[in-house]
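Numbering (our numbering), first residue to last: 1 to 712.
Reading through the structure tokens given below for one structure.
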Ligand code: 3H9
């Protein structure tokens, strides 16, 4: 039958009648987010379906790749505009004709809440269901906390809400979240068939609110709530919304549906008002914005089918695994056969450990390892589209590798260095094709850490930069554009706040106090735990290397050297800042370390003073923020948000604080500057206010004011 003319609704929601089925399509690219126009359109369309006597069933669909990706995140923090999504969902549920949601692509957050409010649910292959509000510092605020447990049980619903991760169509069906799974590709046809079947059989409406948790299931439900509460401190340390999620779900057992909805609304508003929500939403947009760089706006990436890696040490092997995991065949170059064999073994070791821990099956390991090949002759890289050099951190060694690459690689191949601090401009000048040279700075372990700094030398071609960002997407990494300087963005900032920690050590704080304060702020580990994990010898070697160029005006704290001189390199030697008896990973405080520190302070003639946790964090953060401001000021980072993303994904900065410069805006730039000036009274060489910070305070502006899009 030919479609009937539509009842007029907003453009983003269209509706038409197909026989007895009223088809409502949400068409609001890119992800069908539930902004005010979509909510209005949905409300009007349901009303129209209700009024039309010919209509026996209603079908709700999303156009494009997604069903609905949730509330429009850009609206949060602005005055809410009616109708509220919770009212839209209630209206859908109250419809007197059966409403079917046919889900292709993602039904996320508010999108899944629309699905929960429908009476019948259909999933197509590739459908994904999630309640990811927790990742934005929120909870499902349109009935999700009340409907999901009624439909799928308290335990599964709590998992979905606290975890925030998507489940597929099959699993959703097994959990009772969807009624039917069809093996088709067209949601319109599949949805229409289901809706017609329901209409023909006189299927009743099935409001989810009317479902009750069976008395027999109550003890398990209470147990699931208790278990979730018990996990709060460990799994959701510092976060506000998980506890509210659990409280809202508790109402499913204790209160009538409408009261539960009111509670949910209250909790949702509380979450909306938190700095955590602001920080997490800043993070959501920042990580997407970071990929929008001028070069990628001006040029298309080069083709990328084969990769070369020079060096099979920990870093080279980690990068190889990251490439193989993304389906890119890898050719590894080493200087001789035994080194190559070690390189292969390093790659295999990563996969073997995954197999041992049940994360990968043996056949898949073999398949991925099958895409690895090795050679000692650079000629094997003749058809590589991109080569990453991961050899010893020394300009002469790296230049020699680049000379070989220049000879062996085809024209147009991208030549990348994984250096952490060397001057890539200088490296680029050593080859005949500087336009093809770029820095790809992976973080260890390279197959796990999400951050990839894309270091952009002066002469690099736009399409090489675009290729770096395309590679990051393929590797599922978060890429940040960085300019050339010692340490680029992350390590350069790290060097400065690490120094601030060392100065506090010299002045009276213990490493244990500092680590505790830093963990209390939300970092997974403190700086001295990190040093013990990485190996004290690495920092020691760097300090020795840099000794000749060290600024003589800066204080030097030799305490770490004293530990290294004793061979106390951290976890791997069973002793560092902490003691690790019997190879354990949980360090114990070491009185001998404290005695060494006392001795060093005595030698330096310093009278130790007490630091509170707040004192420690003010200094630690002021140092981090000040250097981050310098990095932006000097154009090493394009915008403050790029620094935030680097610190979030490479250095364990707590997501719910949004990165150092978002955090600085939150604390108040005048407060941070006043701290720096106060600390400068003791040590003016270290504490020099960044010109950008001073300028912003004078102008009454924030870092966020500099966060505009940079795509060309
Ligand atoms: C919620 O629903 C609360 C409710 O419980 C209650 C309310 C009362 N809003 O990621 P992509 C933009 S909270 C606005 O690059 P992909 C995104 O910024 C919400 N914009 O694509 C980007 O814009 P641009 C719960 C959004 O294919 C573009 O769409 N929902 C939203 O890799 C493409 O995004 C979520 O948390 C949004 N909701 O991934 C889901 N979502 O092009 C959040 C995306 O200008 N979204 N944009 O940079 C996602 O997880 C992914 O975007 C998705 C697509 C998987 C959908």
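Even for Gly, the Cβ is constructed at its ideal location relative to N, Cα and C.
Complete runs of the alpha helix (DSSP H) confined to the stretch 12-93 [at least 4 residues] | Here the runs fully enclosed are 36-51.
Closer than 6 Å by C-beta to residue 233: which residues in its own chain qualify, once you throw out the five before and the five after it? Chain order, please.
-> Around residue 233: no qualifying Cβ.
Along the chain, where does the beta strand (DSSP E) that runs through residue 106 open and close?
-> Going by DSSP, residue 106 is part of the beta strand (DSSP E) stretching over 106-108.
heavy atom of the ligand 3H9 below 8 Å from residue 84 C-beta = Checking every heavy atom of the ligand 3H9 against the Cβ of residue 84, one is found closer than 8 Å.
Look at the alpha carbon of residue 50 and the alpha carbon of residue 96, and state the distance between them as a whole number of angstroms.
-> Their Cα atoms are separated by approximately 7 Å.
Residue 220: CB within 8 Å of a non-hydrogen atom of the ligand 3H9 = No, since every heavy atom of the ligand 3H9 falls outside the 8 Å radius drawn around the Cβ of residue 220.
Selection from 207, 211 and 250 that minimises the alpha carbon distance to residue 227 | Residue 227 has its Cα closest to that of 250, out of 207, 211 and 250.
Residue 687 by DSSP, collapsed to three states: which one?
-> Reduced to three states, the DSSP call for residue 687 is coil.
Give me the Cα-Cα distance between residue 6 and residue 16, rounded to the nearest whole angstrom.
-> Low confidence applies here, because residue 6 scores a pLDDT of 41, under 50, leaving its location unreliable; read the following figure in that light. If you take the alpha carbons of residue 6 and residue 16, they lie about 4 Å apart.
Using three-state DSSP, classify residue 111 as helix, strand or coil.
-> Helix at residue 111.
Going by DSSP, name the residue or residues bridged to residue 481.
-> DSSP lists 454 as partners of residue 481.
Start-end ranges of the alpha helix (DSSP H) lying completely within the stretch 147-179, minimum 4 residues | Restricting attention to alpha helix (DSSP H) runs no shorter than 4 residues, the stretch 147-179 encloses them at 154-163 and 169-174, ordered along the chain.
Which residues in the same chain as residue 425 place their Cβ atom closer than 7 Å to its Cβ, once the five residues preceding and following it in sequence are excluded?
-> Its chain contains 457, 458 and 484 as the residues whose beta carbon lies nearer than 7 Å to that of residue 425, once the 5 sequence neighbours on both sides are disregarded; these appear in chain order.
Straight-line gap, residue 152 to residue 175 (C-alpha atoms, nearest Å) | Computed Cα separation, rounded: 6 Å.
Identify whether residue 333 lies in helix, strand or coil by the three-state DSSP scheme.
-> Three-state DSSP puts residue 333 in a strand.
Own chain partners of residue 604 with C-beta closer than 8 Å, once the 5 adjacent residues on each side are dropped = The answer, listed in chain order, is 506.
With DSSP run on the structure shown, which of helix, strand or coil describes residue 389?
-> The answer is strand: DSSP assigns residue 389 an E or B state.
Given that a residue counts as buried once 16 or more other Cβ atoms are within 10 Å of its Cβ, and exposed if not, what is residue 644?
-> By the C-beta density criterion, residue 644 is buried, having at least 16 other C-beta atoms within 10 angstroms.
Name, in chain order, the residues that DSSP records as bridge partners for residue 588.
-> 579, per the DSSP bridge assignment.
How about residue 133: is its Cβ closer than 8 Å to a heavy atom in the ligand PLP?
-> The model depicted lacks the ligand PLP and carries the ligand 3H9 instead.
Nearest-angstrom Cα separation, counted from residue 120 out to residue 695 = Distance between the alpha carbons of residue 695 and residue 120 is about 58 Å.
Below 7 Å CB to CB, which residues in the same chain sit around residue 173 once its five sequence neighbours on both sides are set aside?
-> The answer, listed in chain order, is 123 and 181.
Would you grab the beta carbon distance between residue 108 and residue 70 for me? Rounded to a whole angstrom, and I think it's under 8 Å.
-> In this structure residue 108 touches residue 70 by the C-beta definition: roughly 5 Å separates them, less than 8 Å.
DSSP state of residue 659 mapped onto helix, strand, coil | Residue 659: coil per DSSP, three-state reduction.
How long is the line joining the alpha carbons of residue 377 and residue 364, rounded to whole angstroms?
-> For residue 377 and residue 364, the distance between alpha carbons rounds to 28 Å.
Could you tell me whether the Cβ atoms of residue 465 and residue 493 are closer together than 9 Å?
-> Cβ distance not < 9 Å, so residue 465 and residue 493 don't count as in contact.
If you check the beta carbons only, do residue 306 and residue 436 fall under 9 Å apart?
-> Taking the C-beta atoms as reference points, residue 436 is found no nearer than 9 Å to residue 306.
Sorted by chain position, which residues of the same chain lie with C-beta nearer than 8 Å to residue 263's C-beta, five sequence neighbours on each side aside?
-> Result list for residue 263: 247, 248, 251 and 255, in chain order.
Quick one: does the C-beta of residue 231 sit closer than 8 Å to a heavy atom of the ligand 3H9?
-> Checking the Cβ of residue 231 against the ligand 3H9 gives no.
Answer with buried or exposed for residue 57, where buried requires no fewer than 16 other C-beta atoms within 10 angstroms of its C-beta.
-> Label assigned to residue 57: buried.
Would you please state the rounded distance, in angstroms, between the beta carbons of residue 646 and residue 490? I believe it to be under 8 Å.
-> Contact flag correct, Cβ pair sits at about 5 Å.
Expected contact under 8 Å - CB spacing of residue 387 and residue 447 to nearest Å = No, residue 387 and residue 447 are not in contact; Cβ-Cβ is about 18 Å, not under 8 Å.
Would you say residue 139 touches the ligand 3H9, meaning its beta carbon is less than 8 Å from a heavy atom?
-> A distance criterion of 8 Å places the beta-carbon of residue 139 in contact range of the ligand 3H9, judged by its closest non-hydrogen atom.
Under a three-way DSSP split, which group does residue 122 fall into?
-> Looking at residue 122 - three-state DSSP - the assignment turns out to be strand.
Status (buried if at least 16 other CB within 10 Å, exposed otherwise) for residue 624 | So residue 624 counts as buried.
Near the ligand 3H9: residue 91 beta-carbon under 8 Å from a heavy atom | No, Cβ of residue 91 sits at least 8 Å from all heavy atoms of the ligand 3H9.
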